[in-house]
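Engineer: Structure incoming, see below.
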Amino acid sequence: QAKIAGRNTIRFFDPGLQSVITTRLALEADLRRAMPLNEFRLYYQIQADDQGRITGAEVLIRWQHPKRGLVSPAVFIPLAEETGAIVEIGDWVMQMACEQLRAWQQHARMRHLELAVNVSAVQFHQQDFIDKVCRLMADYGEIAGLLKLELTESVMLDSAEEVIHKIQILKNLGLRFSMDDFGTGYSSLAYLKRLPLDQLKIDQSFVRDIANDPSAAVIIQTIIGMAQNLGLEVIAEGLETKEQLALLKQYGCRHYQGYLLGRPLPINEFDAVFAQANPGLAYE
Ligand code: C2E
Ligand code: MG
Ligand code: MG
Ligand code: MG
């Protein structure tokens, strides 16, 4: 059919588009097999305070693909959200984080470490999400206070009552909540004020520009002021330079994450860095 169609009609066999679709379908099929084949890996990126004390880490997933190598979550998480695979992936990440926190309980110097886990809005809105986490916490109650769930502003597309209710149930078990990529999404102040959050995480795009874009600096100062007014902790992500660190400190941000402190690492390397850095990182 495509052959006889005129110049101005859609070409059904655009080879470029064809290859995009083929790649996507192949990736989708591979993604379905990734969990049973044990292809997901967890990396841990340091979070530290202004004294250089390592307070914990953010858990970041990667996909060890047999042919493509290490695939970024920026590529496969959106795909997993569309196919629903995110639910199984998310359950696994949460369980692994709990296991890791439990393992650290065996080491006096690591018992205080916290883990931040990313929870996709699709996952959060599953009707059984809260039940599942509650069941998990029945097994891991002793580390619940060390687990922080990172949500993005997209969870707020749901009714406020619903979101507040869900967060509150998990907070009652000891979990804490951080709003990831803060400042990039759509969230009204009125809504934000009602959410029982513990932390705002300043998006890395603002941190990247803090030293050379006055509007980024103003946004950061506004977020910090807001967090202080709401009684929330604030953490900056994507911290790469000492200059950025100095400004963040000056503006009153006391928690950081970024390449300046360390890249995301496999757990054995994270533990080694922690052992070496103990009692703290040297910023100077
Ligand atoms: P995110 O949660 O905002 O994580 C921060 C991202 O910034 C990570 O990318 C991290 O490696 C990167 N990063 C950290 N420090 C720096 C820095 O100094 N400079 C720069 N340029 N980048 C830095 P990553 O690991 O590729 O993850 C991308 C996104 O994928 C995450 O953004 C998160 O939204 C999502 N993601 C990762 N793991 C999971 C997961 O287990 N579940 C879900 N639902 N999403 C995840
Ligand atoms: Mg995050
Ligand atoms: Mg983020
Ligand atoms: Mg992000």
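Numbering (full-length UniProt numbering), first residue to last: 337 to 620. Backbone N, C-alpha and C define an ideal beta-carbon position, used for all residues, glycine too.
(1) Touching or not, the segment 503–517 and the segment 542–552, by the rule of three or more beta carbon pairs under 8 Å?
(2) Note down, in chain order, each residue of its chain lying with its Cβ closer than 7 Å to the Cβ of Phe-542, except the 5 sequence neighbours on either side.
(3) DSSP three-state label for Gly-352, please.
(4) Going by C-alpha to C-alpha distance, which of Leu-597, Asp-516, Pro-351 and Pro-402 sits closest to Arg-377?
(5) Is the segment 381–391 in contact with the segment 426–444, if contact means three or more CB pairs nearer than 8 Å?
(6) Can you give me the Cβ contacts of Gly-574 inside the same chain, cut-off strictly under 7 Å, excluding the 5 residues immediately before and after it?
(7) Is it buried or exposed for Pro-615, if we count other Cβ within 10 angstroms and need 16 for buried?
(8) DSSP state of Gln-462, grouped into three classes?
(9) With a threshold of 7 Å on Cβ separation, who are the neighbours of Ala-433 within its own chain once the five nearest residues in sequence on each side are excluded?
(10) Name all residues in chain order for which at least one heavy atom of ligand 2 lies closer than 6 Å to the residue's CB.
(11) Is DSSP giving Gln-593 helix, strand or coil here?
(12) Quick check on Gly-598: buried or exposed, where buried means 16 or more other Cβ atoms within 10 Å of its Cβ?
(13) Please identify the residue among Arg-368, Glu-418 and Leu-581 whose C-alpha is closest to the C-alpha of Ala-618.
(14) Quick test of your reading: Met-492 and Ser-523, contact by CB under 8 Å. State the CB separation rounded to the nearest angstrom.
(15) Given a cut-off of 8 Å, decide if Val-411 and Gln-459 are closer than it, judged by their beta-carbon atoms.
(16) Have a look at Ser-355 and Val-570 and give me their C-alpha separation to the nearest angstrom.
(17) For ligand 3, is there a heavy atom less than 7 Å away from the beta-carbon of Gln-535?
Structural biologist: In short, the structure shows the following:
(1) The segment 503–517 vs the segment 542–552: no contact.
(2) Around Phe-542: Gly-519, Ala-552, Ile-555 and Ile-556.
(3) If DSSP states are grouped into helix, strand and coil, Gly-352 belongs with the helices.
(4) With distances taken between CA atoms, Arg-377 lies nearest to Pro-402 out of Leu-597, Asp-516, Pro-351 and Pro-402.
(5) These segments do not touch.
(6) Within the same chain, Gln-540, Val-543, Arg-544 and Gly-594 come within 7 Å of Gly-574 by CB-CB distance, once the 5 residues on both sides are set aside.
(7) Pro-615 comes out exposed.
(8) In the structure shown, Gln-462 falls within a coil segment according to DSSP collapsed to helix, strand and coil.
(9) The answer, listed in chain order, is Val-395, Leu-451, Val-453 and Leu-483.
(10) Every residue passing the under-6 Å Cβ criterion appears here: Glu-394, Asn-454, Glu-486 and Asp-516.
(11) Shown here, Gln-593 sits in a strand according to DSSP, grouped into three states.
(12) Residue burial is scored here from C-beta neighbours: Gly-598 has at least 16 other C-beta atoms within 10 angstroms and is therefore classed as buried.
(13) If we check each option's Cα against that of Ala-618, Leu-581 comes out closest.
(14) The C-beta distance from Met-492 to Ser-523 rounds to 5 Å, short enough to meet the 8 Å contact threshold.
(15) Not closer than 8 Å, so no.
(16) The C-alpha of Val-570 is placed about 43 Å away from the C-alpha of Ser-355.
(17) In this structure, Gln-535 has its beta carbon at no less than 7 Å from each heavy atom of ligand 3.
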